[in-house]
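My numbering numbers the first residue of the sequence shown as 4 and each following residue consecutively.
Positions of the beta carbon are idealized from the N, C-alpha and C atoms, including for glycine.
What follows is a single structure, written as structure tokens, with notes after it.
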Amino acid sequence: MLSSGRGRHTWRHENSKDERAQQNHWSECGRSTPGANTHALGRPHRSVLAFGNTMESYPAMMIRPIEWLRDGAALLASDTTFTTDRIYRVSQKGLSISLNEEFLLAPLKKNYPLHNLEKDVLSSSVALLAHERDCLVGFAVIKEQVWNSRAELTHLYVSPGHRGRGIGQSMISNVTALLQASKCRCLWAETQNTNYAAVRFYLKAGFRLCGFDCSLYDGPLSEETAVFLQRDLRPNQVASPNLRPARRRRVRVREDAGGR
Ligand SMILES: CC(C)(COP(=O)(O)OP(=O)(O)OC[C@H]1O[C@@H](n2cnc3c(N)ncnc32)[C@H](O)[C@@H]1OP(=O)(O)O)[C@@H](O)C(=O)NCCC(=O)NCCS
């Protein structure tokens, strides 16, 4: 079972016939997920999920710990693609670095490889997935660093057809509750200046910018800047959301649109 102490939060599991059937079903769900980003459709009321509970507005939605033997195949088949019509342009002046929203001439499409997922899940301190009935709709993997009591968000994905419904926010709420119970100091995340939605998402979830690195990536990603954010988890330090209210502009681009 999942516990809030340091150490792995994954379950040992027999890979039974039923579970192999479940794996196949997971995979089918992943592939058949509709491409529409529901952010463009507005958002109903949401509530924070707890293990074994359902979301008020989405009674079929559940969050539970990842069991690699049962869930691994479906997790590896997840669609991590995102498409954006804007990025944050990084500019540097003197000792100041800033991120400025900039619209692109052509949409940018990117995906995150999952090469290290198995290793990351098996060495994680928290690994959760969200599912709606038999459909995997998102997952989050966190690794705690003991020496500085900091937890690193190594993976966070919501299936394209399920974005904008509060699932990412709910997973972060579950993760932070567990990390706070284990006296973790902060939750740290890395994204890129090109991932506009992720930067907005983290800021809305109470994260604050804590660093940039324009030399981190190699190859085709070398023009991207790594953006680091952290959310303080200490009592009385938990930040409130950091976005201007009622900002409803959305990334409204077709998922099949061309890009870099
Ligand atoms: C980033 C991601 C995890 C967000 O998950 P999600 O379930 O869609 O996010 P939520 O519905 O919980 O959104 C919470 C808040 O984040 C912000 N946000 C999320 N998506 C946004 C978008 N496309 N544009 C602008 N703001 C966005 C909003 O402020 C939103 O709150 P609001 O709708 O009340 O304004 C999801 O878009 C995703 O999986 N993207 C592809 C993979 C990825 O980028 N992962 C992160 C890697 S660093």
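Extent of the continuous alpha helix (DSSP H) run through residue i
i: Phe204; result: Tyr199 to Lys207
i: Gln183; result: Ile170 to Ala184
i: Asp123; result: Leu120 to Leu125
Where residue i sits in the DSSP three-state scheme
i: Ala63; result: coil
i: Thr36; result: Since pLDDT at Thr36 reaches only 34, below the 50 mark, its modelled position is unreliable, and the value read off the structure follows with that caveat. Looking at Thr36 - three-state DSSP - the assignment turns out to be coil, as it is neither helix nor strand.
i: Arg89; result: strand
i: Gln95; result: strand
i: Glu147; result: strand
i: Asp74; result: helix
i: Pro223; result: helix
i: Thr57; result: For Thr57, the predicted model reports a pLDDT of 47, less than 50, meaning its position is unreliable; a value from the coordinates is still stated below. Thr57 falls in the coil class under three-state DSSP.
i: Leu236; result: coil
i: Leu2; result: The requested residue 2 does not occur in the structure, where the chain is confined to residues 4 to 263.
i: Thr117; result: Residue identity check: residue 117 is Leu in the sequence provided, not Thr. Here Leu117 sits in coil by DSSP.
Residues sharing a beta bridge with residue i, DSSP
i: Gly141; result: Ala133 and Val161
i: Ala229; result: Gln195 and Asp216
Among the options, nearest to residue i - alpha-carbon criterion
i: Arg234; options: Gln195, Thr87, Arg188 and Tyr199; result: Arg188
i: Met65; options: Ile175, Ala133 and Gln95; result: Ala133
i: Ser185; options: Glu227, Asn196, Phe210 and Ser152; result: Ser152
i: Pro238; options: Val149, Leu182, Arg67 and Gly167; result: Leu182
i: Leu108; options: Thr87, Gln148, Pro223 and Tyr115; result: Thr87
i: Val129; options: Gly214, Gln195, Ser218 and Ile145; result: Ile145
Range of the contiguous beta strand (DSSP E) that encloses residue i
i: Gln195; result: Cys189 to Gln195
i: Phe215; result: Arg211 to Asp216
Cβ of residue i within 8 Å of any chain D Cβ
i: Cys138; result: No chain D appears in this structure, which consists of one protein chain only.
Contact test: residue i Cβ vs ligand 2 heavy atom, cutoff 7 Å
i: Phe204; result: As far as ligands go, the structure on display features ligand 1 and does not contain ligand 2.
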